[in-house]
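K.L.:
Residue numbers (our numbering): 532 to 615.
Beta carbons: idealized from backbone N, C-alpha and C, even for Gly.
On a predicted model such as this, the values are computed, not experimentally measured, just so you know.
1. Just verifying my parser: in three-state terms, what is the DSSP assignment at residue 563?
2. Rounding to the nearest angstrom, what Cα-Cα distance links residue 563 and residue 537 in this structure?
3. Would you list the one or two residues that DSSP bridges to residue 538?
4. Going by beta carbon distance, what residues of the same chain come within less than 8 Å of residue 540, once the five residues before and after it are set aside?
5. What separation, rounded to the nearest whole angstrom, lies between the Cα atoms of residue 599 and residue 581?
6. Throw me the rounded Cβ distance for the residue 568 and residue 535 pair, which I believe falls under 8 Å.
7. For the candidate residues 542, 552, 545 and 544, whose alpha-carbon lies nearest to that of residue 601?
What follows is the structure, encoded as C-alpha coordinates:
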(Lines of atoms letter the chains of each structure in order from A; the text may use other names.)
(Lines give C-alpha, C1' and ligand atoms only; values in the text may rest on other atoms or scores of the structure.)
Protein backbone atom coordinates (compact mmCIF):
# COMPACT_ATOMS: atom_id res chain seq x y z
CA UNK A 532 0.00 0.00 0.00
CA UNK A 533 1.48 3.31 -1.05
CA UNK A 534 -0.44 5.87 1.03
CA UNK A 535 -0.56 6.67 4.71
CA UNK A 536 -4.33 6.03 4.90
CA UNK A 537 -5.66 2.47 4.99
CA UNK A 538 -9.40 3.25 5.14
CA UNK A 539 -11.98 5.64 6.62
CA UNK A 540 -13.11 4.77 10.15
CA UNK A 541 -16.91 4.92 10.31
CA UNK A 542 -18.79 4.59 13.58
CA UNK A 543 -21.70 6.48 15.12
CA UNK A 544 -19.18 8.69 16.92
CA UNK A 545 -17.16 9.49 13.77
CA UNK A 546 -20.34 10.28 11.82
CA UNK A 547 -21.22 12.81 14.55
CA UNK A 548 -17.74 14.33 14.12
CA UNK A 549 -18.40 14.63 10.37
CA UNK A 550 -21.78 16.27 11.00
CA UNK A 551 -20.91 18.69 13.78
CA UNK A 552 -17.13 19.26 13.69
CA UNK A 553 -16.34 18.81 9.96
CA UNK A 554 -13.79 16.09 10.81
CA UNK A 555 -12.99 12.84 9.05
CA UNK A 556 -11.43 9.87 10.84
CA UNK A 557 -9.09 7.38 9.18
CA UNK A 558 -7.22 4.22 10.11
CA UNK A 559 -3.63 4.73 8.99
CA UNK A 560 -0.40 2.78 8.67
CA UNK A 561 1.20 2.62 12.12
CA UNK A 562 4.47 4.12 10.86
CA UNK A 563 2.77 7.06 9.08
CA UNK A 564 3.58 10.53 10.41
CA UNK A 565 1.12 13.41 10.74
CA UNK A 566 2.58 15.27 7.73
CA UNK A 567 2.31 12.09 5.62
CA UNK A 568 -1.32 11.58 6.67
CA UNK A 569 -2.21 15.22 5.90
CA UNK A 570 -0.52 15.03 2.50
CA UNK A 571 -2.32 11.77 1.67
CA UNK A 572 -5.74 13.16 2.69
CA UNK A 573 -5.22 16.37 0.70
CA UNK A 574 -4.00 14.46 -2.37
CA UNK A 575 -6.63 11.69 -2.35
CA UNK A 576 -9.69 13.79 -1.58
CA UNK A 577 -8.66 17.14 -3.09
CA UNK A 578 -9.29 19.06 0.16
CA UNK A 579 -7.39 21.35 2.50
CA UNK A 580 -6.89 20.41 6.13
CA UNK A 581 -6.79 22.64 9.17
CA UNK A 582 -5.64 20.31 11.95
CA UNK A 583 -4.83 16.68 12.66
CA UNK A 584 -4.87 14.54 15.77
CA UNK A 585 -3.32 11.08 15.60
CA UNK A 586 -3.43 8.36 18.23
CA UNK A 587 -2.68 4.67 18.58
CA UNK A 588 -5.70 2.68 19.73
CA UNK A 589 -5.43 0.02 22.46
CA UNK A 590 -5.54 -2.68 19.77
CA UNK A 591 -2.46 -1.14 18.11
CA UNK A 592 -4.06 0.61 15.12
CA UNK A 593 -3.22 4.23 14.31
CA UNK A 594 -6.28 6.47 14.02
CA UNK A 595 -6.18 10.04 12.71
CA UNK A 596 -8.87 12.72 13.06
CA UNK A 597 -8.46 15.29 10.31
CA UNK A 598 -10.16 18.70 10.58
CA UNK A 599 -11.13 20.05 7.16
CA UNK A 600 -11.17 23.77 6.39
CA UNK A 601 -14.57 25.49 6.33
CA UNK A 602 -14.73 25.53 2.54
CA UNK A 603 -14.99 21.71 2.46
CA UNK A 604 -17.80 19.57 3.85
CA UNK A 605 -16.77 16.29 5.48
CA UNK A 606 -20.16 14.70 4.73
CA UNK A 607 -19.88 15.55 1.03
CA UNK A 608 -16.34 14.15 0.86
CA UNK A 609 -17.45 10.97 2.65
CA UNK A 610 -20.35 10.55 0.20
CA UNK A 611 -18.01 11.05 -2.73
CA UNK A 612 -15.66 8.28 -1.57
CA UNK A 613 -18.49 5.87 -0.78
CA UNK A 614 -18.58 5.94 3.01
CA UNK A 615 -22.39 6.33 2.96
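P.N.:
Answer, in terms of the structure:
1. coil
2. 10 Å
3. 558
4. 556, 557, 558 and 594
5. 5 Å
6. The C-beta separation of residue 568 from residue 535 comes to about 5 Å, placing the pair in contact by the 8 Å criterion.
7. 552
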